[in-house]
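Protein chains: 2
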Amino acid sequence: MPLIAAATGQVPSRRPVWFMRQAGRSLPEYHEARAGRGMLECCFDPELVCEITMQPVRRHDMDAAILYSDIVVPLRAAGIDLDIVPGTGPVIADPIRTAEQVAAMPRLDPASVGAIASAVGLLVDELPAAKALIGFAGAPFTLASYLIEGGPSRNYERTKTIMLAEPELWHRLMGSLTDITITFLKAQIEAGVDAVQLFDSWAGALSEATYETYVAPHSSRVMAEIAGCGIPRIHFGVGTGELLAAMTRVGPDVIGVDWRVPLDVAAQRVGCGAGGRDVAVQGNLDPTVLFAGDAVIERELTRIIREGERAVDAGARGHILNLGHGVLPNTDPDAITRAVELIHTL
Amino acid sequence: MPLIAAATGQVPSRRPVWFMRQAGRSLPEYHEARAGRGMLECCFDPELVCEITMQPVRRHDMDAAILYSDIVVPLRAAGIDLDIVPGTGPVIADPIRTAEQVAAMPRLDPASVGAIASAVGLLVDELPAAKALIGFAGAPFTLASYLIEGGPSRNYERTKTIMLAEPELWHRLMGSLTDITITFLKAQIEAGVDAVQLFDSWAGALSEATYETYVAPHSSRVMAEIAGCGIPRIHFGVGTGELLAAMTRVGPDVIGVDWRVPLDVAAQRVGCGAGGRDVAVQGNLDPTVLFAGDAVIERELTRIIREGERAVDAGARGHILNLGHGVLPNTDPDAITRAVELIHTL
Numbered sequence: 001m002p003l004i005a006a007a008t009g010q011v012p013s014r015r016p017v018w019f020m021r022q023a024g025r026s027l028p029e030y031h032e033a034r035a036g037r038g039m040l041e042c043c044f045d046p047e048l049v050c051e052i053t054m055q056p057v058r059r060h061d062m063d064a065a066i067l068y069s070d071i072v073v074p075l076r077a078a079g080i081d082l083d084i085v086p087g088t089g090p091v092i093a094d095p096i097r098t099a100e101q102v103a104a105m106p107r108l109d110p111a112s113v114g115a116i117a118s119a120v121g122l123l124v125d126e127l128p129a130a131k132a133l134i135g136f137a138g139a140p141f142t143l144a145s146y147l148i149e150g151g152p153s154r155n156y157e158r159t160k161t162i163m164l165a166e167p168e169l170w171h172r173l174m175g176s177l178t179d180i181t182i183t184f185l186k187a188q189i190e191a192g193v194d195a196v197q198l199f200d201s202w203a204g205a206l207s208e209a210t211y212e213t214y215v216a217p218h219s220s221r222v223m224a225e226i227a228g229c230g231i232p233r234i235h236f237g238v239g240t241g242e243l244l245a246a247m248t249r250v251g252p253d254v255i256g257v258d259w260r261v262p263l264d265v266a267a268q269r270v271g272c273g274a275g276g277r278d279v280a281v282q283g284n285l286d287p288t289v290l291f292a293g294d295a296v297i298e299r300e301l302t303r304i305i306r307e308g309e310r311a312v313d314a315g316a317r318g319h320i321l322n323l324g325h326g327v328l329p330n331t332d333p334d335a336i337t338r339a340v341e342l343i344h345t346l
Numbered sequence: 001m002p003l004i005a006a007a008t009g010q011v012p013s014r015r016p017v018w019f020m021r022q023a024g025r026s027l028p029e030y031h032e033a034r035a036g037r038g039m040l041e042c043c044f045d046p047e048l049v050c051e052i053t054m055q056p057v058r059r060h061d062m063d064a065a066i067l068y069s070d071i072v073v074p075l076r077a078a079g080i081d082l083d084i085v086p087g088t089g090p091v092i093a094d095p096i097r098t099a100e101q102v103a104a105m106p107r108l109d110p111a112s113v114g115a116i117a118s119a120v121g122l123l124v125d126e127l128p129a130a131k132a133l134i135g136f137a138g139a140p141f142t143l144a145s146y147l148i149e150g151g152p153s154r155n156y157e158r159t160k161t162i163m164l165a166e167p168e169l170w171h172r173l174m175g176s177l178t179d180i181t182i183t184f185l186k187a188q189i190e191a192g193v194d195a196v197q198l199f200d201s202w203a204g205a206l207s208e209a210t211y212e213t214y215v216a217p218h219s220s221r222v223m224a225e226i227a228g229c230g231i232p233r234i235h236f237g238v239g240t241g242e243l244l245a246a247m248t249r250v251g252p253d254v255i256g257v258d259w260r261v262p263l264d265v266a267a268q269r270v271g272c273g274a275g276g277r278d279v280a281v282q283g284n285l286d287p288t289v290l291f292a293g294d295a296v297i298e299r300e301l302t303r304i305i306r307e308g309e310r311a312v313d314a315g316a317r318g319h320i321l322n323l324g325h326g327v328l329p330n331t332d333p334d335a336i337t338r339a340v341e342l343i344h345t346l
């Protein structure tokens, strides 16, 4: 598998590429497959998860499938009352803000994510041998921000207030979420995924010092608990230029980089070849570039591949090509197909 | 004026502080003064602008007043059909996306911002001698993003598409917006402001290379055109950690820093004391910290003041205390008053 080779310091048979959010909203066959059903309901239907996860692999010849799921799936499976509202995102019925609510946080029974494990099983059978299956979970901070704010947020003021003003309460909540994340990832790993990505989507709202004190210990525990499973662990958050070194210290094998930081700069920043961990780098085409036409796409991909090569020369284990954030909903699927084809020839 | 002293490398008589968005939505007297009138209408009422601008200076003893206005005010004055919609922000009636629309971009007649110049005149009379009056404009990129997207945006996909795919069209639009910004700032300077802040609020969505090619030449022209006016020029955008050096090269006297980058790190990054421009630094309390109680506020302010001192030791001209972004609407005004009082004693 080219993706696993790049993640582990071996020479891939071709340049591995996948795109965050490749499964889902940009594809007409996705909307057809969902047939108007709610997103959360779909995430617990193994056949449908398998089909949606396979769609971009078939259409674009991606080198990896990323399990179709959502960050809040394990929270829902643990019994927290929430839904995914079209146009808004996750909405939590009773946002978690008190000591009583934190004390009552449920644990995740692996049986309650059996549908996700079943989907992984179906995908392991269906995916061609060269394609990696990437499992997926939200990191504790990003889960906490949804639970505390009650949904997506612009400023995370309630989250940061609890973090800074009630640190013991904060760490108890983060501890519960860390347990849930570990259980969810282990269920996927036991079912057969080839790699996992831990999304700390909103960590970029924090300074490095705040991240180190309130977030890193919990993300580190997630990474450590699955370190022995023998599969590469990818870690990513958007707008995390200031956090790349700290996020690498929590222990991933691959660090995802958004489009604001060139890959060779990222490799240097996390200490590749200079006594830091020689992680692989993943990224980092600005998803808006896919709207700008083939000439611009080729120019940007050529630059990114060159910067990725410099990162590897400097000590990074490898380079996995990806976007610097998720595929945007209005992206032309044919532009994605052509970009992937180009990446495999460059 | 302590703020002007800190901006120009002199020793201020006390530690200067002002907060972005100090005038407006967090103050009950602001909502009373507006009495339900539309925001844009209020921005063109000199007496009301003067009153709203004065409110936080009176209440919090800030060392500077920032002119109550909005980034789109000069666009409206130039004749572009737009409004500020409560809960949404600026909404442009006909978003600018074609060569014809760019060719038809209006110029700004200084007479059409006479109300703003009048407000400045009233404020010059009313402000105590030690308080600086800061004028204000949006930078060309941020104005372009509103005009092209039609309002606030999350991903700036249309803006970046025109920038990357139609660079000549992009630069023509940016040229028009640069002219408008220069005219608007000069009108404020002639009316008597003591300093100006150029907000490139959304520049943090760009990589440094993209910023350098498509944005910096225009922001540089704004800075150069007002360089001879003899007042400090502040430059700020949120999430601009990767851009601080490039934004400093466009020529401001003071660089604003958000909470993600410690002030001493920022001073080093822009080259203070190492052959770069020895700008002053401004910032950088996370606005959410104002929700976390006095003990946390004091701890964070103490840290920021220490980092500001290190920045000055390293070669920065001075430190102006501010938030790392604007005051959030639900902030307790009393927490702001106590924070300012504390800053003046630390």
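Order-wise, the sequence lines are chains A and B.
Using my numbering, the letters of the first sequence map in sequence onto residues 1 to 346.
Using my numbering, the letters of the second sequence map in sequence onto residues 1 to 346.
All residues carry an ideal CB built from backbone N, CA and C; glycine is no exception.
> Can you give, in chain order, each stretch of the beta strand (DSSP E) that sits fully within the segment 180–208 of chain B and has at least 3 residues?
Replying inline: You should have 195–199.
Any alpha helix (DSSP H) of 4 or more consecutive residues that is wholly inside the segment 203–245 of chain B:
208–214, 216–225, all fully within the segment 203–245 of chain B.
Same chain, Cβ closer than 8 Å to B:E126, five either side skipped, listed in chain order
Cβ within range, chain order: C50, M54.
Residues of the segment 151–166 of chain A whose Cβ lies closer than 7 Å to any Cβ of chain B, in chain order | Answer set for the segment 151–166 of chain A: N155, Y156, E157, K160, T161, L164, A165.
Delimiting residues of the alpha helix (DSSP H) encompassing B:V296:
Run containing B:V296: 294–313, per the alpha helix (DSSP H) assignment.
### Task
Check B:F19 in the structure and name its three-state DSSP category.
Here B:F19 sits in coil by DSSP.
- [ ] Just the chain B side, please: which residues come within less than 7 Å of A:T288 by C-beta, in chain order?
- [x] Per Cβ cutoff of 7 Å: N155, Y156, E157, K160, T161.
Name the chain B residues that come within less than 7 Å of A:W170, Cβ to Cβ?
-> Neighbours of A:W170 on chain B: none; closest Cβ ~11 Å, over 7 Å.
Q.
Is the beta carbon of B:I134 closer than 8 Å to that of B:A195?
A. Their beta carbons are under 8 Å apart, which means B:A195 touches B:I134 by this criterion.
- N- and C-terminal bounds of the alpha helix (DSSP H) containing B:L27: B:L27 -> no alpha helix (DSSP H), and no H or E assigned at all.
Where A:V113 falls: helix, strand or coil (DSSP): Under the three-state reduction of DSSP output, A:V113 falls in the helix class.
* Is it a yes or a no for the segment 265–279 of chain A touching the segment 311–328 of chain A, going by three-plus beta-carbon pairs under 8 Å? -> Yes, they touch.
| message | Among A:V296, A:P95, A:V261, A:L244, whose alpha-carbon lies nearest the alpha-carbon of A:D253? | response | Check the Cα spacing between A:D253 and each of A:V296, A:P95, A:V261, A:L244: the tightest is with A:L244.
8 Å is my cut-off, CB to CB: does A:V49 come that close to chain B? Answer no: the Cβ-Cβ gap between A:V49 and chain B never drops below 8 Å.
Notebook entry, point to check: What is the residue span of the beta strand (DSSP E) that A:H325 lies within?
Noted result: Unbroken run through A:H325: none, as it is neither H nor E.
For this session: Could you check which residue in B:E190, B:R221, B:A266, B:I162 has the C-alpha nearest to that of B:H319?
Result: Of B:E190, B:R221, B:A266, B:I162, the smallest CA-CA separation from B:H319 is found for B:A266.
If contact is defined by three or more beta carbon pairs under 8 Å, each pair taking one atom from either stretch, is the segment 56–76 of chain B in contact with the segment 27–42 of chain B? With the cut-off at 8 Å, the segment 27–42 of chain B and the segment 56–76 of chain B touch.
*Using a C-beta to C-beta distance shorter than 7 Å, which residues of chain A count as neighbours of B:V296?*
Here the neighbours are L164, A165.
Straight-line CA distance for A:R233 to B:G241? In this structure, the CA atom of A:R233 is about 27 Å from the CA atom of B:G241.
Notebook entry, point to check: Can at least three beta-carbon pairs, one atom from the segment 163–183 of chain B and one from the segment 139–151 of chain B, be found at a separation below 8 Å?
Noted result: The segment 163–183 of chain B, when compared against the segment 139–151 of chain B, does touch it at the 8 Å Cβ threshold.
- Query: Considering only residues of the segment 73–100 of chain B, which uninterrupted alpha helix (DSSP H) runs meet the minimum length of 4 residues and lie entirely inside it, listed in chain order?
  - Reply: Counting whole runs of 4 or more residues, the segment 73–100 of chain B contains the alpha helix (DSSP H) stretches 73–77.
task: Could you run through the segment 237–260 of chain A and flag, in chain order, every residue whose CB is less than 7 Å away from some CB of chain B?
output: Cβ contacts with chain B come from G239, G241, E242, W259, R260.
| query | How big is the Cα-Cα spacing for B:I52 and B:A115? | reply | Distance between the alpha carbons of B:I52 and B:A115: 14 Å.
Euclidean distance between Cα positions of B:N155 and B:F19: Taking the straight line joining both Cα atoms gives about 27 Å.
> Does the beta carbon of A:A292 sit closer than 8 Å to a beta carbon anywhere in chain B?
Replying inline: At least one chain B Cβ lies under 8 Å of A:A292.
Notebook entry, point to check: What does B:L321 reach in chain A if we use C-beta pairs closer than 7 Å?
Noted result: Neighbours of B:L321 on chain A: none; closest Cβ ~17 Å, over 7 Å.
Practice item. Evaluate A:E168 with the Cβ neighbour count: other Cβ atoms within 10 Å of its Cβ, from every protein chain shown; 16 or more gives buried, anything less gives exposed. Key: Exposed: under 16 other Cβ atoms inside 10 Å.
Rounded straight-line distance, which links the Cα of B:V124 to that of B:E131: It is Lys, not Glu, that sits at residue 131 of chain B in the sequence shown. Near 10 Å, if we compare the C-alpha coordinates of B:V124 and B:K131.
- [ ] Taking C-beta pairs closer than 8 Å, name the residues in chain A that B:S26 reaches, listed in chain order.
- [x] Close to B:S26, with beta-carbon spacing below 8 Å, lies no residue of chain A; the smallest spacing is near 12 Å.
Selection from B:K186, B:R299, B:P140, B:Y30 that minimises the alpha carbon distance to B:L48
When the alpha-carbon of B:L48 is set against those of B:K186, B:R299, B:P140, B:Y30, the nearest one is in B:Y30.
Does DSSP put B:F291 in a helix, in a strand, or in coil? DSSP places B:F291 in helix when its eight states are reduced to three.
task = Determine the direct distance from the alpha carbon of B:V113 to that of B:F44, and round the result to whole angstroms.
result = If I take the Cα positions, the gap works out to 8 Å.
With a threshold of 8 Å between beta-carbons, can A:S219 be considered close to chain B, or not?
Closer than 8 Å: no.
Q) Three or more beta-carbon pairs under 8 Å between the segment 320–331 of chain A and the segment 1–21 of chain A, yes or no? A) Contact between the segment 320–331 of chain A and the segment 1–21 of chain A is present, because at least three Cβ pairs lie under 8 Å.
Does chain A have any CB closer than 8 Å to the CB of B:S207? Taking Cβ atoms only, chain A reaches closer than 8 Å to B:S207, which makes this a yes.
Rounded Cβ spacing between B:A227 and B:G251 (contact assumed at less than 8 Å)
Under the criterion of beta carbons closer than 8 Å, B:A227 and B:G251 qualify as touching, at roughly 7 Å.
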